[in-house]
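Let me begin by presenting the structure, written as structure tokens, before commenting on it.
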Amino acid sequence: AQTVTQSQPEMSVQEAETVTLSCTYDTSESDYYLFWYKQPPSRQMILVIRQEAYKQQNATENRFSVNFQKAAKSFSLKISDSQLGDAAMYFCAYRRLTFIFGQGTELSVKP
Amino acid sequence: DVKVTQSSRYLVKRTGEKVFLECVQDMDHENMFWYRQDPGLGLRLIYFSYDVKMKEKGDIPEGYSVSREKKERFSLILESASTNQTSMYLCASNHGVAKNIQYFGAGTRLSVL
């Protein structure tokens with residue numbers, strides 16, 4: 001069965017600094033998709049970034065980028081130039097047929 | 112913009128009550144999902160549906176049932192609420208293929224006393 005693990009329950013970053021959130025997953029499939037979702041205090045889950053497993057190039061969305069290591073089954077999220085609005089719970093997710101979510105990482109941003 | 116609407120933000124029920132959580136999406140998505148979110152456990156899939164009148168069990172279906180009579184509406188039912196069902200419930204929807212993102216509702220925080 002597929003699993004997704006986020007080993008950092010909480011992280012903290014200084015405003016304008018860079019932070020990396022870790023995610024590992026376990027699967028025997030070769031074709032799948034990986035996602036990072038953000039859940040701010042408003043509770044509305046928002047997609048941050050998506051990666052297709054067959055693509056070697058790491059996905060990038062403005063200040064957000066991923067380091068996708070398929071052989072290592074690792075999918076970390078890097079947030080550059082952190083802003084106060086980045087403070088949220090971040091979930092890593094794997095999808096082949098249904099979504100499987102990690103436990104979440106609570107990110108706080110210090111001014 | 113895609114909109115997924117959950118009928119209640121907060122709900123307080125008593126043990127043994129029958130509870131309905133409603134979810135409506137306005138983008139003609141085939142797939143709809145119900146998750147519960149608990150601290151340290153992330154989101155766990157309760158049930159999902161790929162089409163009207165179709166339902167599939169997720170990882171933790173015990174104590175829950177669902178109904179999908181219309182494409183836009185997916186209801187989660189707690190037949191006899193128990194205190195261990197106190198949680199945040201999130202509804203989501205998307206189009207069929209795996210690469211498509213899920214769109215989430217704002218969540219319902221259910222307390223069972």
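Chains R and D supply the protein sequences, listed in that same order. For the first sequence, the tail end lands on 111 under the numbering used here, and the numbers increase by one without skipping. For the second sequence, the tail end lands on 224 under the numbering used here, and the numbers increase by one without skipping. Beta carbons: idealized from backbone N, C-alpha and C, even for Gly.
Quick one: is F91(R) buried, meaning 16 or more other Cβ sit within 10 Å of its Cβ, or exposed?
Residue numbering aside, residue 91(R) sits at position 91 when the first sequence is read from its first letter. Buried: at least 16 other Cβ atoms inside 10 Å.
Roughly how many angstroms separate the alpha carbons of F64(R) and Q148(D), rounded to a whole number?
Locating residue 64(R) in the first sequence gives position 64, counting from the first residue. Locating residue 148(D) in the second sequence gives position 37, counting from the first residue. Roughly 25 Å between the two C-alpha positions.
Out of F131(D), Y158(D) and L154(D), which has the shortest C-alpha to C-alpha gap to F101(R)?
The residue given as residue 101(R) occupies position 101 in the first sequence. The residue with the shortest Cα to Cα distance from F101(R) is L154(D).
Within 10 angstroms of its Cβ, does S204(D) collect 16 or more other Cβ (buried), or is it exposed?
Against the second sequence, residue 204(D) aligns to sequence position 93. S204(D) comes out buried.
Whose CA, out of L221(D), G127(D) and I157(D), lies closest to the CA of S191(D)?
Along the second sequence, read from residue 1 onward, the residue named residue 191(D) stands at position 80. Of the listed residues, the one whose Cα sits closest to S191(D) is G127(D).
So with CB distances below 7 Å, who are the chain R contacts of G218(D)?
Here residue 218(D) refers to the residue found at position 107 of the second sequence. R43, listed in chain order.
List the residues of chain D that Q103(R) touches, going by C-beta distances under 7 Å, in chain order.
Counting from one through the first sequence, the residue named residue 103(R) turns up at place 103. The contacting residues are G151, L152 and G153.
Would P111(R) pass as a contact of E15(R) if the rule is Cβ separation under 9 Å?
Along the first sequence, one-based indexing puts residue 111(R) at 111. Along the first sequence, one-based indexing puts residue 15(R) at 15. Result yes, Cβ atoms of P111(R) and E15(R) sit closer than 9 Å.
For P9(R), go through chain D and note every residue whose CB falls closer than 8 Å to its CB, in chain order.
Along the first sequence, one-based indexing puts residue 9(R) at 9. Within 8 Å Cβ-Cβ: G151.
Only counting the same chain, and skipping five residues up and downstream in sequence, which positions put a Cβ closer than 7 Å to that of V4(R)?
On the first sequence, position 4 is the one that residue 4(R) refers to. Contacts found: C23, Y25, C92, A93, Y94, I100, F101 and G102.
Check the Cβ-Cβ distances between G169(D) and every residue of chain R, and say whether any is below 9 Å.
For the purposes of this step, residue 169(D) is identified with residue 58 of the second sequence, where counting begins at 1. Yes - at least one Cβ of chain R is within 9 Å of the one on G169(D).
For Q69(R), which of helix, strand or coil comes out of DSSP?
Position 69 of the first sequence holds residue 69(R). Q69(R): strand per DSSP, three-state reduction.
Any Cβ of chain D within less than 9 Å of the Cβ of Y25(R)?
The count along the first sequence starts at 1 and reaches residue 25(R) at position 25. For Y25(R), the answer is no, since every Cβ of chain D falls outside 9 Å of its Cβ.
For Y175(D) versus W145(D), is the C-beta distance shorter than 9 Å?
Taking the first residue of the second sequence as 1, we reach residue 175(D) at position 64. Taking the first residue of the second sequence as 1, we reach residue 145(D) at position 34. In this structure, W145(D) lies closer than 9 Å to Y175(D) by Cβ.
Does any residue of chain R have a CB that is nearer than 9 Å to the CB of L221(D)?
For the purposes of this step, residue 221(D) is taken as residue 110 along the second sequence, with counting starting at 1. No, no contact with chain R.
When the distance is taken between beta carbons, is Y158(D) closer than 9 Å to P172(D)?
One-based indexing of the second sequence puts residue 172(D) at position 61. One-based indexing of the second sequence puts residue 158(D) at position 47. For P172(D) and Y158(D), yes; Cβs fall inside 9 Å.
In chain D, what lies closer than 8 Å to F91(R) by C-beta?
Your numbering for residue 91(R) matches position 91 in the first sequence. Within chain D, the residues near F91(R) are G153 and L154.
By DSSP's criteria, Y94(R) is part of a beta bridge. Which residues make up the other side?
The residue you call residue 94(R) lines up with position 94 of the first sequence. Partner(s): L34(R) and I100(R).
Chain D partners of F75(R), CB-CB under 8 Å?
Numbered from 1 along the first sequence, position 75 holds the residue referred to as residue 75(R). None at all; the shortest Cβ gap to chain D is about 15 Å.
By the DSSP assignment, the beta strand (DSSP E) with G153(D) in it spans what residues?
Position 42 of the second sequence, counting from 1, holds the residue named residue 153(D). It spans G153 to S160 - the beta strand (DSSP E) in which G153(D) sits, taken as one unbroken run.
State the DSSP-derived secondary structure class of N205(D), mapped to helix, strand or coil.
Taking the first residue of the second sequence as 1, we reach residue 205(D) at position 94. Of the three classes helix, strand and coil, the one that applies to N205(D) here is strand, per DSSP.
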